[in-house]
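Protein sequences appear in the order of chains A and B.
Heads up: the first sequence at position 262 corresponds to 261 in numbering that gives the first Met the number 0, and the numbers run straight through without jumps.
Heads up: the second sequence at position 174 corresponds to 173 in numbering that gives the first Met the number 0, and the numbers run straight through without jumps.
For glycine and all other residues, C-beta sits at the position ideal for the given N, C-alpha and C.
Owing to the predicted nature of the structure, the values given are computational and were not obtained by experimental measurement.
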Amino acid sequence: MNRKKLRALKDRLLNGVTFLSSGISVVVLSLIFIFVFSRGWNTLNWNWFTNDYWSVNMYLALPEGSQSSYNKPSDLSNTVYYSSKYGFAVTDYIDEQKISQIKIVYIDPSSPLLDASILTNGPDFGKANPIKVNMLVQKFTYMDDVGISHSAGSIIKQNAAQFIDTLETKSISIKSTYVQTIGGGIRGSLIATLLLILLSLLIALPIGIMSAIYINEYASHGKLTPWIRSSIELLTGVPSIIFGLMGMLVLYPITALAGANGTSILLGSLTLSIVLLPTIIRSTEESLKTVPDHFRSASLSLGANMSQTIFKIVLPSAIPGILTGVLLSIGRIIGESAALIYTMGTFINDDPSILKGSTSLAVQIWSVMGGEQPNFQLACAISIVILAIVLFMNISVKFIANSLRKTW
Amino acid sequence: MRTELSKYKNSKRYKSKIRQDLFFKSIFQLSALLSSMMIVIIIVFILVKGLQPFIAGYQYGTRNFFEFLVGLVYRQDQGIYGVGFIVVNTLISGFGALLISFPLAVLTALFIAKIAPKRLADAMQTVVELLASIPSVVYGVFAAGSITVMVKNLGAMLSIQTAGGSSLLAVMLLLAIMIYPTITSLAITSIQAVPEDIQHASLALGATTTQTNFKVVLTSAKSGIFAGAILGLGRAFGEATAVSMVAGNKLFGPTFNLFDITRTLTSTILTGLKETTGVDYDIRFSAGIVLMIVILISNLSINLLKNRIGSQK
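Here it is in structure tokens:
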């Protein structure tokens, strides 16, 4: 009796241990999500997706005698301060470095701010450059009633209310202004990532699908086939940093022929297309296998040859598998970093093009995490975007697997 | 009938059809060959490039291969390149991570495949899949922001000075989390593949379900479980970005102290590249060769271990 109890106790203990270790994984997963969301959620907004990463400083001159009276729009909230003399509204804004700034949120269509021109010496000197909404006010230089110029703005530690108050009560006209665009955005990396996905798939899909067709349709019992299969399978075990080294060494000369000098999106795509090959080949092959043999026999007996059968009968039936491969590949491309650091470079480029270096979203995280002051806010915000896309891809794969699977 | 057929066979249309078929076949064949050649290309090119610094007449000064392999100092600024201690560090961090992760992963797999009720098992399976789909750079951000803080606080509690938390322990914990889903999902598959009859046999002999699970199911599934361990270890050795974020950059070693900074093969390859010429560039390929050899040898040794365990039972 006692022994039986002991045994039951032991069993319960062992089951409890398995339960606990599963619990640990749940805790870890929630910790990761809590960490990423708590640090990055505040950065997420629409402007952040369309902003440049690098902020641009501009020193602008305003036309003479620019003071008049403007009507305040009725829909401004309490935290927005309006200048009726110059026709614009500002609000307080905390930037990523936790420095309080003054952000322009509204400009009247006839405001003198829209007539500003560049005051910095150089080729752009004198060009019209209207001040836009969402720029940050560093300094306004204004003239008071006795003709002495003063400064206002965040540069002398004013907040939005003090800044507008100064302009409204003391100024006669604005001489010049020093404004800054908001940086820290991901527009460049977003475009670069899209280009990367497009190019990598463009290279990897045809080669992968055709390889799968050869392995499954032509040579499923060939002597070389096991070798081909296992050498493709070996690629999955290669660490991605090795792919990066290989891209730098083997594929760089190819992109150099196309006119790239150093790291480029093209080089990154070529490298990634090799990384993707096993995924695409495997998922295509899986779905080719599900196409029943009597489809092929029927087509062949009607007089179609091998290639006609493949293009008109087998491939259309294999589309769900190919789609799965595409989705898995996109997930992989978005998450990939080590293979891209040496092939696409780590310089965040706001104006990406195929033959120039730029960062994907994942590599932008690597870039902002490097250096003396890692930028956790930005890194976590990008992580949220990456996680969302990757999770969406995985859910879609499951959905396709469940719903598009045909039963013959 | 026969003349009709031979007429058709001699027709232009038939010939072009044959030609088209051959054309596509050769294209398919070509791409299959290209795909399978990739691994060979990778290995050959990295071998050639990586061995260059050790061949006489190397333009930046020939290095001694033996000193490279067993060297205990790696300083780019002084031109001293020894990866011996880095290999040891890589092995310690990888096997340390496996030591933490392996038991947890196997127990979780058992829970999901055998013990948990259907609903809970499905939910847990999703958790494992989610962990598997998180990209390594996100793990890196998480580790740099939270695991290092944890290690730092732990160090402060034990009154040990840490370099802001970047340490061998942080690398191990990070890698343990990263390889956990790999091992778990392979273990689940192999546990589910254990045949019913041997479980029934065990139950019929009077063993409880739990005893059957631990003594019969786990040992029968050991082949798949060890395959998961091998894959996990490969991932641990090859992981670059996340590890570089928390490893620190030790110049000599090896590191045995859990709270001391370390340096792995991948972080050596990844960090600090300034120019794409010179020995500092080429030596990364040599480190790449060493990395691939380390992965290969550890795979073989785990396979050996698996066979040992098999013969005892």
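- DSSP places residue 401 of chain A in the uninterrupted alpha helix (DSSP H) bounded by 375-402.
- Across the structure, residue 287 of chain B and residue 229 of chain B are spaced so that their CA atoms are roughly 19 Å apart.
- Residue 24 of chain B sits close to residue 306 of chain A, with the two beta carbons spaced by under 8 Å.
- Contact of residue 128 of chain B with chain A is assigned, a C-beta pair being separated by under 8 Å.
- Neighbours of residue 203 of chain B in chain A, taken as residues at a C-beta separation under 7 Å, are lacking, since the least C-beta distance is about 17 Å.
- For residue 93 of chain A, the uninterrupted beta strand (DSSP E) segment begins and ends at 87-93.
- No residue range can be given for residue 113 of chain B, since it is assigned to no alpha helix (DSSP H) and is classified by DSSP as neither H nor E.
- In this structure, DSSP gives residue 59 of chain A an extended state, which the three-state scheme calls strand.
- Neighbourhood of residue 52 of chain A in chain B, by CB distance below 7 Å: empty, with the nearest CB roughly 17 Å away.
- Contact of residue 384 of chain A with chain B is not assigned, every C-beta pair being separated by 8 Å or more.
- Its chain contains 84, 87, 88 as the residues whose beta carbon lies nearer than 6 Å to that of residue 253 of chain B, once the 5 sequence neighbours on both sides are disregarded; these appear in chain order.
- Excluding the 5 residues flanking it on each side, residue 385 of chain A has same chain C-beta neighbours closer than 7 Å at 333, 334, 360, 361, in chain order.
- Going by C-alpha positions, residue 242 of chain B is about 8 Å away from residue 173 of chain B.
- Residue 349 of chain A and residue 200 of chain A have their alpha carbons spaced roughly 23 Å apart.
- Under the 8 Å Cβ criterion, the region 128-145 of chain A counts as touching the region 46-59 of chain A, having at least three qualifying pairs.
- With respect to chain A, the C-beta atom of residue 91 of chain B has no partner C-beta closer than 8 Å.
- Secondary-structure assignment with DSSP links residue 175 of chain A through a beta bridge to A:60, A:140.
- Counting C-beta atoms within 10 angstroms of its own C-beta, residue 102 of chain A has 16 or more neighbours from the protein chains shown and is therefore classed as buried.
- Using a Cβ-Cβ cut-off of 8 Å, residue 291 of chain B counts as an interface residue toward chain A, since at least one Cβ of chain A sits closer than that to its own.
- In the structure shown, the three-state DSSP call for residue 162 of chain B is strand.
- Note on the region 32-103 of chain B: whole alpha helix (DSSP H) runs with a minimum of 4 residues are 64-69, in chain order.
- Not a single unbroken stretch of the beta strand (DSSP E) spanning 3 or more residues falls wholly within the region 301-333 of chain A.
- Against chain B, a Cβ distance below 9 Å from residue 108 of chain A picks out nothing, because the smallest value is about 43 Å.
- With fewer than 16 other CB atoms across the displayed protein chains lying within 10 angstroms of its CB, residue 226 of chain A is exposed.
- Neighbourhood of residue 373 of chain A in chain B, by CB distance below 9 Å: 140, 143, 144, 244, in chain order.
- Of all alpha-carbon atoms in B:277, B:166, B:136, B:107, the one lying nearest the alpha-carbon of residue 256 of chain B is that of B:166.
- For residue 266 of chain B, the enclosing alpha helix (DSSP H) begins and ends at 264-269.
- For the region 38-55 of chain B, the residues whose beta carbon sits under 8 Å from a beta carbon of chain A are, in order, 38, 39, 40, 41, 44, 45, 48.
- Secondary structure of residue 299 of chain A (DSSP, three-state): helix.
- A straight line joining the alpha-carbon of residue 283 of chain B with that of residue 393 of chain A spans about 34 Å.
- Here residue 132 of chain A carries a coil assignment [DSSP, helix/strand/coil].
- Taken in chain order, the members of the region 12-33 of chain B whose beta-carbon sits within less than 7 Å of a beta-carbon on chain A are 16, 19, 20, 23, 24, 26, 27, 28, 30, 31, 33.
- Put simply, the CB of residue 197 of chain A is far from chain B, with every gap to its CB atoms at 8 Å or more.
- Between residue 240 of chain B and residue 136 of chain B, the C-beta gap is smaller than 8 Å, which places the two residues in contact.
- From the beta-carbon of residue 62 of chain B, no residue of chain A is found nearer than 9 Å; the closest lies around 18 Å away.
- In the three-state DSSP reduction, residue 69 of chain A falls in the coil class, being neither helix nor strand.
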